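Going by my numbering, the sequence shown wraps up at 452, each residue one higher than the last. Cβ atoms here follow ideal geometry from the backbone N, Cα and C, with glycine treated the same way. Values in this document were obtained by computation on a predicted structure and should not be read as measured data.
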Amino acid sequence: MEDFNKADQVATGTLEHYWMPFTANRQFKQSPRLLAQAEGMYYKDVNGRPVLDGTAGLWCCNAGHGRKAISEAVSKQIHEMDYAPSFQMGHPLAFELAERLAAIAPKGINKVFFTNSGSESVDTALKIALNYHRARGEATRTRFIGRELGYHGVGFGGISVGGIGGNRRTFSQQLLQGVDHLPHTLDIQQNAFCKGLPETGAEKAEVLEQLVTLHGAENIAAVIVEPMSGSAGVILPPQGYLKRLREITRKYGILLIFDEVITGFGRVGDAFASQRWGVTPDMITTAKALNNGTIPMGAVLIDDAIYDASMDAPEGAIELYHGYTYSGHPVAAAAAIATLDIYQEEQLFKRTKSLEGYFEKAVHSLKGLPNLIDIRNTGLVAGIQFSPSDKGIGKRGFGIFETCFKNGTLVRATADTIALSPPLIVDEAQIDQMVNTLSDAITTVG
Numbered sequence: 007m008e009d010f011n012k013a014d015q016v017a018t019g020t021l022e023h024y025w026m027p028f029t030a031n032r033q034f035k036q037s038p039r040l041l042a043q044a045e046g047m048y049y050k051d052v053n054g055r056p057v058l059d060g061t062a063g064l065w066c067c068n069a070g071h072g073r074k075a076i077s078e079a080v081s082k083q084i085h086e087m088d089y090a091p092s093f094q095m096g097h098p099l100a101f102e103l104a105e106r107l108a109a110i111a112p113k114g115i116n117k118v119f120f121t122n123s124g125s126e127s128v129d130t131a132l133k134i135a136l137n138y139h140r141a142r143g144e145a146t147r148t149r150f151i152g153r154e155l156g157y158h159g160v161g162f163g164g165i166s167v168g169g170i171g172g173n174r175r176t177f178s179q180q181l182l183q184g185v186d187h188l189p190h191t192l193d194i195q196q197n198a199f200c201k202g203l204p205e206t207g208a209e210k211a212e213v214l215e216q217l218v219t220l221h222g223a224e225n226i227a228a229v230i231v232e233p234m235s236g237s238a239g240v241i242l243p244p245q246g247y248l249k250r251l252r253e254i255t256r257k258y259g260i261l262l263i264f265d266e267v268i269t270g271f272g273r274v275g276d277a278f279a280s281q282r283w284g285v286t287p288d289m290i291t292t293a294k295a296l297n298n299g300t301i302p303m304g305a306v307l308i309d310d311a312i313y314d315a316s317m318d319a320p321e322g323a324i325e326l327y328h329g330y331t332y333s334g335h336p337v338a339a340a341a342a343i344a345t346l347d348i349y350q351e352e353q354l355f356k357r358t359k360s361l362e363g364y365f366e367k368a369v370h371s372l373k374g375l376p377n378l379i380d381i382r383n384t385g386l387v388a389g390i391q392f393s394p395s396d397k398g399i400g401k402r403g404f405g406i407f408e409t410c411f412k413n414g415t416l417v418r419a420t421a422d423t424i425a426l427s428p429p430l431i432v433d434e435a436q437i438d439q440m441v442n443t444l445s446d447a448i449t450t451v452g
C-alpha cells in the first residue's frame, strides 16, 4: 500500500487542477478530506485513519467495499474483452445482466436499456416516454410532470423535471419547456419524527388531477418521481400517495416513472421501493448500487408494453434513436452480475428489513438534541433535519458533517439535513457508532 504519510506532503497547489462536482472547491482545497482505501464498512483516509462509511459511498456501495468477487469479475472480463460496441453489435454479458434485472424487477417490467449513470437513465426514460407515445400515434403527449424537491440528475432533462432550486437556477433559461411540478410531500408540522411512512399527506397526489385538467391528458407524456426523495434530505411518501399517483396516471394514459437510482437494490428492504410499497410504475431508473458503485453504469427498466409499441416500426428500422458508446459495457456488466450474486447469496435485501427496527430506534434516540427538528426513516436510510443557524442555511448541517468526519464517521449533509444510508452489511455496533458520533457532533456544533 502507499505511504499514507504522503498526505502530509500534499501541497495545496497539487489539488488545483480538479474542478470537483457539487463541492465548495476553494473551501475543500484549504482543508481537503481525502480517502485512499476502502474495505467492508470502512474507508481509510490518506493518513491511514479509519472512517466508518455511513453513506454507502454516495448511496452506491450497498454490499460494502472491497468485494473480491466483484474485482475478480472485472479483472477476468477486462482480460477477455475490454470493450464491445453496442450499436448493431452485442456481447453475452449485457443480455445476461438484462435477464437478471428482469428477474428481480416488478412483474411486467422485463426490458432493460443500459446507461452509464442515473442522470443518463432519467434522460433515457424521458426519451423512451416520448418515443412510446409517438409510436402509438399520440405525438402531442410531450409534457412532463416532476415534483418539487425531486432530484433526477444533472442532464438538462433531469434538471427540468427535478425540483431542487439550486440545481435549476443557473440553467433556468435552457431547461425543457412544458414541464410542471407536483408539490413535495415533506410536512414537518404534521409528520415530524414519524417512524416509517407518514400517515398523512396522500392528498397531495390529487394535484396531478388539477394539472391534467389544466394541460389536458392528451398533452402529458409522463410523471416522474422518486419514491423516496434522497438528495433533498430523505423525504418519504405518505401512505397511499404513490398508489394514488398510479391510479391517476393509469386513468389518463400517462406513463409513471419511478427514479430509483437511490432506492434501488435493497435500500428500503426490497430490490426496488416499488415492490416494498406495492406500486408498479411503467419505468424504473437505476444506477449507483447496480454494480456497487465500482464502474459507472445505469439502467432503465421498462414495461413490456412500452417496448412492444416501439417494435411496430418497419422491419430493419431503428426503433429508438438513442444510446451511448458505453451502453451495457462488458466490464461494467461483469461487475453488476457479480454484485447481484452478492445481494442474492448474502440475502442483503432481507438484511435491510431485519435491521430496520434497530436502525429506526437508534436514529430516533437523537430526538431532543439541540436544534433537531425532524427525523425521518425507512429501511436503512434516515434523514436528520436541523433548524438553520444564524450564519445561514446549510452552515449547521455542514458543520455536523465535518465534525463527524473528523471523529471517524462519514455522513452526508444536504443543506441542514444529515442523511445516513450505510452499506447493507452494517451491524448493530456500527449503527451505534454512527449514531453516537452524530450525537457528539450535534452537541459540539450546537
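Three-way DSSP call (helix, strand, coil) for residue i in this model
{"i": "Met-7", "result": "Only weak support is given to the placement of Met-7: the predicted model assigns it a pLDDT of 38, under 50, and the question is left unresolved by the model."}
{"i": "Lys-50", "result": "strand"}
{"i": "Leu-426", "result": "strand"}
{"i": "Val-118", "result": "strand"}
{"i": "Ser-166", "result": "helix"}
{"i": "His-370", "result": "helix"}
{"i": "Asp-193", "result": "coil"}
{"i": "Ser-316", "result": "helix"}
{"i": "Asn-31", "result": "helix"}
{"i": "Asp-433", "result": "coil"}
{"i": "Glu-45", "result": "strand"}
{"i": "Ile-348", "result": "helix"}
{"i": "Tyr-297", "result": "According to the sequence as given, residue 297 is Asn; it is not Tyr. Helix at Asn-297."}
{"i": "Asn-173", "result": "helix"}
{"i": "Gln-15", "result": "Model confidence at Gln-15 stands at a pLDDT of 47, short of 50, so the residue's coordinates are unreliable; what they give is reported in the following sentence. Of the three classes helix, strand and coil, the one that applies to Gln-15 here is helix, per DSSP."}
{"i": "Gly-389", "result": "strand"}
{"i": "Ser-395", "result": "strand"}
{"i": "Thr-420", "result": "strand"}
{"i": "Leu-21", "result": "helix"}
Local Cβ density within 10 Å of residue i, reported as buried at 16 or more and exposed below that
{"i": "Asn-53", "result": "exposed"}
{"i": "Gln-36", "result": "exposed"}
{"i": "Gly-161", "result": "buried"}
{"i": "Tyr-349", "result": "buried"}
{"i": "Pro-1", "result": "Any property of residue 1 remains undetermined from this structure, which presents the chain solely from 7 to 452."}
{"i": "Lys-74", "result": "exposed"}
{"i": "Lys-210", "result": "buried"}
{"i": "His-23", "result": "exposed"}
{"i": "Lys-459", "result": "As shown, the chain starts at 7 and ends at 452. That puts residue 459 outside it, with no answer to give."}
{"i": "Thr-443", "result": "buried"}
{"i": "Asn-137", "result": "buried"}
Spatially closest choice to residue i from the options, by CA coordinates
{"i": "Gly-236", "options": "Phe-404, Leu-386, Pro-336 and Lys-82", "result": "Leu-386"}
{"i": "Ile-254", "options": "Val-213, Phe-278 and Val-267", "result": "Val-213"}
{"i": "Leu-242", "options": "Ala-228, Arg-282 and Glu-224", "result": "Arg-282"}
{"i": "Arg-55", "options": "Gln-43, Gly-63, Ala-62 and Thr-61", "result": "Gln-43"}
{"i": "Ile-194", "options": "Thr-449, Val-432 and Leu-378", "result": "Leu-378"}
{"i": "Thr-269", "options": "Ser-360, Asn-68, Thr-300 and Ser-81", "result": "Asn-68"}
{"i": "Gln-353", "options": "Met-289, Ile-110 and Lys-82", "result": "Ile-110"}
{"i": "Phe-355", "options": "Leu-41, Val-80, Ala-277 and Glu-434", "result": "Ala-277"}
{"i": "Pro-233", "options": "Ile-226, Glu-205, Met-26 and Val-274", "result": "Val-274"}
{"i": "Tyr-157", "options": "Gly-400, Gly-63 and Gly-239", "result": "Gly-239"}
{"i": "Ile-483", "options": "Val-167, Val-57 and Asp-309", "result": "The requested residue 483 is not part of the displayed model; the chain covers only 7 to 452."}
{"i": "His-328", "options": "Ile-134, Ser-395 and Val-369", "result": "Ile-134"}
Strand pairing of residue i, partner residues [DSSP]
{"i": "Gln-465", "result": "This structure cannot speak to residue 465, because the chain is shown only from 7 to 452."}
{"i": "Met-289", "result": "Ile-263 and Ile-308"}
{"i": "Pro-56", "result": "Lys-50"}
{"i": "Phe-150", "result": "Val-185 and Ala-228"}
{"i": "Lys-412", "result": "According to DSSP, which records beta bridges pairwise, Lys-412 is partnered with nothing at all."}
{"i": "Asn-383", "result": "Lys-201 and Ala-388"}
{"i": "Ser-235", "result": "Ile-241"}
{"i": "His-71", "result": "Gly-46"}
Three CB pairs or more closer than 8 angstroms across the region 89-99 and the region 336-344: Contact holds: three or more Cβ-Cβ distances are below 8 angstroms.
Measuring CB atoms only, is the region 170-178 touching the region 129-148, in the sense that at least three cross pairs come out at less than 8 angstroms? Too few Cβ pairs lie closer than 8 angstroms, so no.
With three or more beta-carbon pairs closer than 8 angstroms as the criterion, would you say the region 316-331 touches the region 292-299? Output reads no: the region 292-299 does not touch the region 316-331.
Decide yes or no for the touch test of the region 430-448 against the region 404-414: beta carbon pairs closer than 8 angstroms, at least 3 of them. Contact between the region 430-448 and the region 404-414 is present, because at least three Cβ pairs lie under 8 angstroms.
How about the region 190-208 and the region 119-128: do they share at least three Cβ pairs that are nearer than 8 angstroms? Three or more beta-carbon pairs separated by less than 8 angstroms are not found between the region 190-208 and the region 119-128, which leaves the two stretches without contact.
Are the region 176-183 and the region 212-230 in contact at 8 angstroms, needing three or more beta carbon pairs? Contact fails: fewer than three Cβ-Cβ distances are below 8 angstroms.
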